[in-house]
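Protein chains: 2
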Amino acid sequence: MSIMVVGSVAFDTIKSQFGERHKILGGAATYFSLAASYFTQVRVVAVVGDDFTPELEAVLTSRGIDVRGIEHAPGKTFHWGGEYGDNLNEAQTKFTDLNVFENFQPRIPDVYRDSDYLFLANIQPVLQKQVRDSMPDVKLVGGDTMNYWINSTRPALMETLKGVDILLINDTEAKMLTGDSSVPRAANKVLEMGPRALVIKHGEYGATIFFKDGSYGTGVKAFRAPALPIEEVFDPTGAGDSFGGGFMGYLASQKQVTREVLKHAMFYGGVMGSFAVERFGPERLQNLTRAEIDERFNLFRSLTHLE
Amino acid sequence: MSIMVVGSVAFDTIKSQFGERHKILGGAATYFSLAASYFTQVRVVAVVGDDFTPELEAVLTSRGIDVRGIEHAPGKTFHWGGEYGDNLNEAQTKFTDLNVFENFQPRIPDVYRDSDYLFLANIQPVLQKQVRDSMPDVKLVGGDTMNYWINSTRPALMETLKGVDILLINDTEAKMLTGDSSVPRAANKVLEMGPRALVIKHGEYGATIFFKDGSYGTGVKAFRAPALPIEEVFDPTGAGDSFGGGFMGYLASQKQVTREVLKHAMFYGGVMGSFAVERFGPERLQNLTRAEIDERFNLFRSLTHLE
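Going down the list, the sequences are from chains U and C.
FYI, in numbering that gives the first Met the number 0 the residues of the first sequence are 0 to 306.
FYI, in numbering that gives the first Met the number 0 the residues of the second sequence are 0 to 306.
So this is what it looks like as structure tokens:
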């Protein structure tokens, strides 16, 4: 089945203890798409500027990703600069040049209209809702957000959440969204805002999915997937979006979404996130094989399973 | 088989968002012993003061714990006061009245000499080493330490670590001990200091065990156990020590210590830690049943296992 993602395609300038990179390919939709492309047909809705070269677009198309929804607007592409200190879980933002992204109005190509799955990457909640409302027939909607929207556009975000089936956020965002310092309590509160399941990403400690009663069948109420203990994290940028791509991509490759399927999706999310951080930018996500992905899946299994 | 633990038996005065308790039973050896008592015969070496009543000692003896190694010294019992804010992973220490614990000289009763396992709870590294050296025939030595000893008595601690088979510490301590901000890299460095395996406790995110090459057979190089997503953490005091008690107690109940057995021990550690935080102090650890423990073990399994 096919999945449509709306979000940023951008340039990143990144510094970590392992070096720096200037204006490399980045953006949530980029990481998401590349990660999801190993599981299903991916379609991107985004905006880039004049400086976005055909070579960069080829990074996506060579993975079979449909880029007809990437608008080329006059001006420069969104450019983010960040630095990682000792705490690789948190980037220090150096600059955010929104450029053409500032006036982004998602335009959905007609050929995308039959998409089965939809992922609303981290953009303005109002735009997320517009896109979601214009795709009433999708089978499942995943979504992301961030502290900035939680603080500055809460009412709009609350409206958006009503249309999101599975929300993927991190610990800090879950606490901020609910005003509750306990992650499990916060999870329950988020599940009252609309989503039928909530994935909370814990960075190097993995991620937990919480299910609303009766959603996606029965079974466990929560499930934890590990992250790989990686000695050399080159660049954590995009780890969460790559998790999202592996998670949603795997879901879209399955006939039905049950709690059992969602448990496996959590593992595939972790797997794709673990690949993403091994190199700067989305480099490692560009030429994986399904065998490498499955091998790492088995490593995740051996890392957590008693038998 | 039997396990001997040396550490603190103390009073705790605790405040969390759920209330406060004045001078309740606490101390690392207390939590450790109670948790381990569900798996094996436990013997305690500690010191208390005149104010330590028979009723308090009965909390231990009623669980079959051997307290003949608890010295009653003139003076007051060690008393710790702490408060938990929003971040339940970290206590703010209000006071530390060492009292009789300040001049603690562990005295090992002759009847303890045949103990099969030894756990060096968090006390002065010099004392840990003395106890360890005086018990040359134990099958396995577990140990704990804390930031204070890492900073102020590093040379002594390094000597102690050479005699510890399995060290149990938390993320912060691992980073501090090695000066490395990456937990997996820090783990490798600790394994070069002596221990054959290292358990790093991640608080609400569970714990990871790292194996030195060739130690405890072959198999996985690391294994992660979850923590339960508990909505109402009443009091995190003693969670780590209860983890240690479940972990070491389970090991001592097995014929052989292999990586497979250690994986199960990680789960039992998490299980006992999860019970400890459900009530103030060690209350919940006083009257569990093995059925309750196994039920929670299965919950941990369903929380992490795909099938």
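In this text, a Cβ means the ideal position worked out from N, Cα and C, and glycines have one as well.
This one's a predicted model, so the numbers in the text were calculated from it and none came from an experiment.
Do residue i and residue j have their C-beta atoms closer together than 8 Å?
i      : j      : result
C/R223 : C/T207 : yes
U/A35  : U/G244 : yes
C/Y83  : C/M247 : no
C/F103 : C/V46  : yes
C/A120 : C/F31  : yes
U/N169 : U/I149 : no
C/V99  : C/D65  : no
U/F299 : U/F266 : yes
C/A9   : C/W79  : yes
U/I165 : U/G141 : yes
C/D49  : C/G74  : yes
U/G237 : U/A264 : no
U/I2   : U/S180 : no
U/I122 : U/V4   : no
C/K262 : U/L305 : yes
C/P105 : C/V137 : no
C/T303 : U/T303 : yes
By the criterion of Cβ-Cβ separation under 7 Å, what are the contact partners of residue i in chain U?
i      : result
C/S180 : D85
C/P194 : Going along chain U, no residue has its Cβ under 7 Å from C/P194, so there is no contact; the nearest lies around 16 Å.
Applying the 10 Å Cβ sphere with the 16-neighbour rule, what's the burial state of residue i?
i      : result
U/K93  : exposed
C/D356 : In this structure chain C extends from 0 to 306, so residue 356 of chain C is not present and cannot be described.
U/A226 : buried
C/H201 : buried
C/E19  : exposed
C/T29  : buried
U/D85  : exposed
U/Q127 : buried
C/A290 : exposed
U/G268 : buried
C/T288 : exposed
U/Y37  : buried
C/P53  : exposed
U/K307 : No answer is possible for residue 307 of chain U: the residues shown for chain U start at 0 and end at 306.
U/D110 : Note on identity: in this sequence residue 110 of chain U is Val, with Asp being the wrong assignment. Looking at its Cβ environment, which holds fewer than 16 other Cβ atoms inside 10 Å, U/V110 is exposed.
U/G25  : buried
Taking Cβ-Cβ distances shorter than 7 Å, what residues in chain C pair up with residue i?
i      : result
U/I229 : P183
U/F222 : L302
U/P225 : R223
Just to make sure I have the definition right: I need the residues of chain C whose C-beta is within less than 8 Å of the C-beta of residue i. Which are they?
i      : result
U/V219 : S301, L302
Leaving out five residues before and five after residue i in sequence, what residues of the same chain have Cβ atoms less than 8 Å from its Cβ?
i      : result
U/R278 : F233, D234
U/D132 : G162
U/V182 : D170, A173, K174, I199, T207
C/Q91  : G81, E82, Y83, G84
C/L33  : V58, L59, R62, I64, S241, G244, P281, L284, Q285
C/K22  : F10, D11, T12, H78
C/R112 : M134
C/T177 : R184, A185, K188, V189
Mind pulling the chain U residues with CB within less than 8 Å of residue i?
i      : result
C/E203 : V182
C/T207 : P228
I'd like the list of long-range same chain contacts for residue i, defined as Cβ closer than 6 Å, with 5 residues on each side in sequence excluded.
i      : result
U/R295 : V270
U/F209 : A186, L197, A221
C/A155 : P124, V125
C/P218 : The residue you asked about is not Pro; residue 218 of chain C is Gly in the sequence shown. Excluding residues within five positions, the ones whose Cβ falls inside 6 Å are R258.
U/F51  : T76
C/L145 : Before going further, note that residue 145 of chain C is Met rather than Leu in the sequence given. Counting only Cβ-Cβ distances below 6 Å, and skipping sequence neighbours, we find N121.
U/D143 : A120, N121, L167
With a threshold of 7 Å on Cβ separation, who are the neighbours of residue i within its own chain once the five nearest residues in sequence on each side are excluded?
i      : result
U/P108 : R67, G68
U/V256 : L139, Y215, L250
U/L160 : L166, M192, G193, P194
C/L190 : L197, F209, K211
U/S15  : Y83, F233, D234
U/G205 : R223, A224, P225, A226, G269
U/S273 : A226, L227, I229, R295
C/T39  : M0, S1, I2, G248, A251, S252
So which residues on chain C does residue i lean against when the C-beta distance must stay under 9 Å?
i      : result
U/F266 : L305
Taking 8 Å as the CB-CB limit, is residue i close to chain B?
i      : result
U/V232 : In the structure shown, chain B does not exist; the protein chains are U and C.
Could you please tell me which residues of the segment 252-264 of chain U, in chain order, have their CB closer than 7 Å to any CB of chain C? Along the segment 252-264 of chain U, going in chain order, the ones with a CB nearer than 7 Å to a CB of chain C are K262, H263.
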